[in-house]
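Chains as they are written, first to last, in the numbering used here: chain A, 75 to 465; chain B, 75 to 465.
Beta carbons are placed, not taken as given, at the ideal position from N, Cα and C, and that holds for glycine.
For clarity, every value in this text was computed on a predicted model and none was experimentally measured.
Here is the structure we will look at.
There are 2 protein chains.
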Amino acid sequence: MRRVAVIGTGHTKFMFNSTKTSMEMLAEASMDAILSSKIKPRDVQAVYIGNVLGDFSEGQGMVQSFLADDIGCLNVPATRFEGACASATMAIRDAFMWVASGFYDIVLAGGTERATAMGTALATRTFAMFGDSRYEFPAGFTFPGVFAMLTHLYSHKYGVPLKKLKEQMAMVSIQSHQYGMKNPKAQFQKEITMEQVLNSFMVTSPLQLQDCCPFSDGAAAIILASEDVAKKLTDKPVYIAGVGQSSSGKISSQYKYLPRLRAREIAVKQAYDMAGVGPGDIDVCELHDCFSIASIIAAEGLGFAEFGKGGDLWEKGETKIGGKIPINISGGLKSKGHPIGATGASQVAEIVAQLRGDLVSQGRQVDGAKIGLVDTLGGDGIILSLILKVD
Amino acid sequence: MRRVAVIGTGHTKFMFNSTKTSMEMLAEASMDAILSSKIKPRDVQAVYIGNVLGDFSEGQGMVQSFLADDIGCLNVPATRFEGACASATMAIRDAFMWVASGFYDIVLAGGTERATAMGTALATRTFAMFGDSRYEFPAGFTFPGVFAMLTHLYSHKYGVPLKKLKEQMAMVSIQSHQYGMKNPKAQFQKEITMEQVLNSFMVTSPLQLQDCCPFSDGAAAIILASEDVAKKLTDKPVYIAGVGQSSSGKISSQYKYLPRLRAREIAVKQAYDMAGVGPGDIDVCELHDCFSIASIIAAEGLGFAEFGKGGDLWEKGETKIGGKIPINISGGLKSKGHPIGATGASQVAEIVAQLRGDLVSQGRQVDGAKIGLVDTLGGDGIILSLILKVD
Chain A
75 MRRVAVIGTG HTKFMFNSTK TSMEMLAEAS MDAILSSKIK PRDVQAVYIG
125 NVLGDFSEGQ GMVQSFLADD IGCLNVPATR FEGACASATM AIRDAFMWVA
175 SGFYDIVLAG GTERATAMGT ALATRTFAMF GDSRYEFPAG FTFPGVFAML
225 THLYSHKYGV PLKKLKEQMA MVSIQSHQYG MKNPKAQFQK EITMEQVLNS
275 FMVTSPLQLQ DCCPFSDGAA AIILASEDVA KKLTDKPVYI AGVGQSSSGK
325 ISSQYKYLPR LRAREIAVKQ AYDMAGVGPG DIDVCELHDC FSIASIIAAE
375 GLGFAEFGKG GDLWEKGETK IGGKIPINIS GGLKSKGHPI GATGASQVAE
425 IVAQLRGDLV SQGRQVDGAK IGLVDTLGGD GIILSLILKV D
Chain B
75 MRRVAVIGTG HTKFMFNSTK TSMEMLAEAS MDAILSSKIK PRDVQAVYIG
125 NVLGDFSEGQ GMVQSFLADD IGCLNVPATR FEGACASATM AIRDAFMWVA
175 SGFYDIVLAG GTERATAMGT ALATRTFAMF GDSRYEFPAG FTFPGVFAML
225 THLYSHKYGV PLKKLKEQMA MVSIQSHQYG MKNPKAQFQK EITMEQVLNS
275 FMVTSPLQLQ DCCPFSDGAA AIILASEDVA KKLTDKPVYI AGVGQSSSGK
325 ISSQYKYLPR LRAREIAVKQ AYDMAGVGPG DIDVCELHDC FSIASIIAAE
375 GLGFAEFGKG GDLWEKGETK IGGKIPINIS GGLKSKGHPI GATGASQVAE
425 IVAQLRGDLV SQGRQVDGAK IGLVDTLGGD GIILSLILKV D
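This is how it looks when you write it as structure tokens:
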């Protein structure tokens, strides 16, 4: 199989109440990706798009077909992927294969979502459709419910007192806002304090508002190219060195393993093995911090800390620039925002920027980063892992 | 790239008002595909599923992840595809690539839909989300509206009087029911007459009820394997010899080309070129007869008749067994049914059965069929083409 590189990216500002449709946001991000890749729309041979709720939020399904037409990628294959919050990462992994196999040389992948116009109550209900709707939603398992349960399980299983765990979780959110305020594309650009986090209103005990990422509108896109083509178009190709994907089904199928998510451990092992690297080789990571506890669980599953010790990373500052493993230097889902169908493409765009050294002017560059990891969770059971690297 | 074969299929009965959920139907079809392939669920390395309306019709998104868990394909990558009515064909084309590239040896692909419980009015409104919702749905372009317009355009452009065209369209529906009554999986098992068709109630002038396929519930699945694996498991591998996919965007972007669908002509050329065959080599075809006029338009776009002459194929009996190009010997969407997310997998399962010679006992075998074509239309702008063959 051929090497595949990301050669350009596009990213709208993430926000509440965008006045643009999901199609318009996706067109903006896609055209930015195309322009930054020094190609034209007609050079794009196929389009791979993540979108979760377009039919619910705007009455528009099959957004990828209209997007391709709107931006002048005429008559190309246009495919939509749905893996809940991991939809765009799923689209990118798939796009990778069509280039790696030699079938296409240049493709566009990305995602878009406009979720905030529904309002918080309906959005929470609607997102829950991507958990198990037969048994688990009726039992109260919205996603805040799932992660609240995981927080209690984590505290109990590893013997971390809830008070201490909550403080570590607060440090996750605080750090995300520290970096998010430096990211011009982020939804929130303000610092938050320990006091603010611990006094924010209770969503689902023990998760408070500042433990939870927001609902967001936004889009992101990338251009993938074969190595030969990439080298002609850029002197900074960022290669996709490893990919992994796994699913665990409903949360009750995972009960013996929780709060660990088995799908993550399987997916990231696939990606590490394919790239020939391990957790110690990762210079920068974007992981799926839909809730503050999710960051701690993810950091452990990805191999950055022993199980039960993930919170120490944030407490000791190891997740900051200069630390052992810089995590979510974009602001993460918590501060940058979480337009669910776009999130994976946003994570990839962030890692590409880090590996290209493009973030110095924003004051959040991880110096000399060569290898980055993207981790995206879809619903409570699908994990995507991507490893990107520069030579 | 490696050759890829279909080694087993599964297919629920298509029907109104299934008492099973889309997940249960998909599990049934998937387990039948697995058992008929002489493999076990743990042999399946990845799952590719088409589903369009699970969130709307049952409040269940991300059906592929729960399906994989339910049938014992534990922790595999499970991906959902949405390309409206072509979703399952899209899933199969994608699954093909992951095996052809050498990444996987055995994968499951399929689709499922439970649309009838919504009722006809809501289903029609909901399906229309897969057309353009910004300008075209508000202008009246539900899918019956689109194909009614295409009927008028066809009559005008090719100078076929509407009365004659309507009779030819009726012949399409009549033939579909003649074969559907022999298909135990079909939704309708009854013949219809010219008089019944032309006296059925007007849906969207000039389309009457018997010009329109039904809403349906059902699922279908197939197992794909690399050539080496396929030859160990079956003495009748059916190879995927060519694949094609193209999109045209909204209907107004296509206005200069209509009633021809440019995406079809591009997609099927890709498939023909890849397989090294042409229209004259196809022994049996399943095409997307969502409306009777759609069959005529499709037969021309696939190269089986000159433009403006497609209806003659049905009038002269050339589309029956023994004719020049047997079409929709399954009963097609009109008689077999159209559970939208499952339709492409059902078409593939039918062609596989024809190429294996499995339909003698049902009295609808195309003798000696070696090469088959699948054509699926998603919304009014995505086309998938697959060519299957036996050695």
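query                                                                                                                                                                                      : result
Taking residue 171(A) as the query, report the chain B residues whose CB atoms sit under 7 angstroms from its CB, ordered along the chain.                                                 : 171, 172, 175, 177
In terms of residues, what are the limits of the beta strand (DSSP E) holding residue 462(A)?                                                                                              : 456-463
Using a Cβ-Cβ cutoff of 8 angstroms, what residues of the region 235-246 of chain B are near chain A? List them in chain order.                                                            : none
With DSSP collapsed to three states, give me the class of residue 384(B).                                                                                                                  : helix
Taking Cβ positions, are residue 288(A) and residue 225(A) nearer each other than 9 angstroms?                                                                                             : no
Have a look at residue 459(B) and residue 80(B) and give me their C-alpha separation to the nearest angstrom.                                                                              : 16 angstroms
Between residue 413(A) and chain B, is any beta-carbon pair separated by less than 9 angstroms?                                                                                            : no
Is DSSP giving residue 392(B) helix, strand or coil here?                                                                                                                                  : coil
Note down the Cα distance separating residue 170(A) from residue 272(A), rounded to an integer number of angstroms.                                                                        : 42 angstroms
Quick check: the region 113-122 of chain A against the region 109-123 of chain B, are at least 3 beta-carbon pairs closer than 8 angstroms?                                                : no
By DSSP, does residue 155(B) sit in helix, in strand, or in coil?                                                                                                                          : strand
Go through the region 315-353 of chain B residue by residue and report every complete run of the alpha helix (DSSP H) that reaches 4 residues or more, in order.                           : 336-349
Between residue 451(B) and residue 312(B), which are expected to be in contact by the criterion C-beta below 8 angstroms, what is the C-beta distance as a whole number of angstroms?      : About 23 angstroms; that fails the 8 angstroms criterion.
By the DSSP assignment, the beta strand (DSSP E) with residue 276(A) in it spans what residues?                                                                                            : 276-278
Comparing the C-beta of residue 304(B) with each C-beta of chain A, is any distance below 9 angstroms?                                                                                     : no
What does the alpha-carbon distance come out to for the pair residue 165(A) and residue 204(A)?                                                                                            : 17 angstroms
Mind checking which residues open and close the alpha helix (DSSP H) that includes residue 199(B)?                                                                                         : 194-201
Give a yes or no on whether 9 angstroms exceeds the smallest Cβ distance from residue 45(A) to chain B.                                                                                    : What is shown of chain A runs 75 to 465, which leaves residue 45(A) out entirely.
Which partner residues does residue 359(B) have in the DSSP bridge list?                                                                                                                   : 401(B), 447(B)
Note down the Cα distance separating residue 105(B) from residue 298(B), rounded to an integer number of angstroms.                                                                        : 14 angstroms
Report, in whole angstroms, the separation of the C-beta atoms of residue 399(B) and residue 387(B), which I expect to be a contact under 8 angstroms.                                     : 7 angstroms
Would you please state the rounded distance, in angstroms, between the beta carbons of residue 446(A) and residue 351(A)? I believe it to be under 8 angstroms.                            : Not a contact, Cβ separation roughly 11 angstroms.
From the DSSP output, read off the bridge partner residues of residue 286(B).                                                                                                              : 365(B)
Who does residue 300(B) pair with in a DSSP beta bridge?                                                                                                                                   : 78(B)
Determine the DSSP secondary structure at residue 434(B), reduced to helix, strand or coil.                                                                                                : helix
Within the continuous alpha helix (DSSP H) that includes residue 169(B), where are the two ends?                                                                                           : 161-174
Residue 118(A) by DSSP, collapsed to three states: which one?                                                                                                                              : coil
Find the nearest neighbour of residue 195(A) within the set 440(A), 216(A), 348(A), judged by alpha-carbon distance.                                                                       : 216(A)
Ends of the beta strand (DSSP E) at residue 184(A)?                                                                                                                                        : 180-188
Determine whether the Cβ of residue 132(A) lies closer than 9 angstroms to any Cβ atom of chain B.                                                                                         : yes
When DSSP labels each residue in this structure, what does residue 295(A) get in the three-state scheme?                                                                                   : strand
Within the same chain, show all residues whose beta-carbon is closer than 6 angstroms to that of residue 453(A), passing over the 5 residues directly before and after it, in chain order. : 158, 204, 205
Quick one: what's got a C-beta closer than 7 angstroms to residue 431(B)'s C-beta in the same chain, skipping five residues either side?                                                   : 439
So that I know if they touch, is there some Cβ in chain A lying closer than 9 angstroms to that of residue 224(B)?                                                                         : no
In chain E, which residues lie with their C-beta within 7 angstroms of the C-beta of residue 156(A)?                                                                                       : In the structure shown, chain E cannot be found, because the protein chains are A and B.
So, with DSSP's three-state summary, where would you put residue 113(B)?                                                                                                                   : coil
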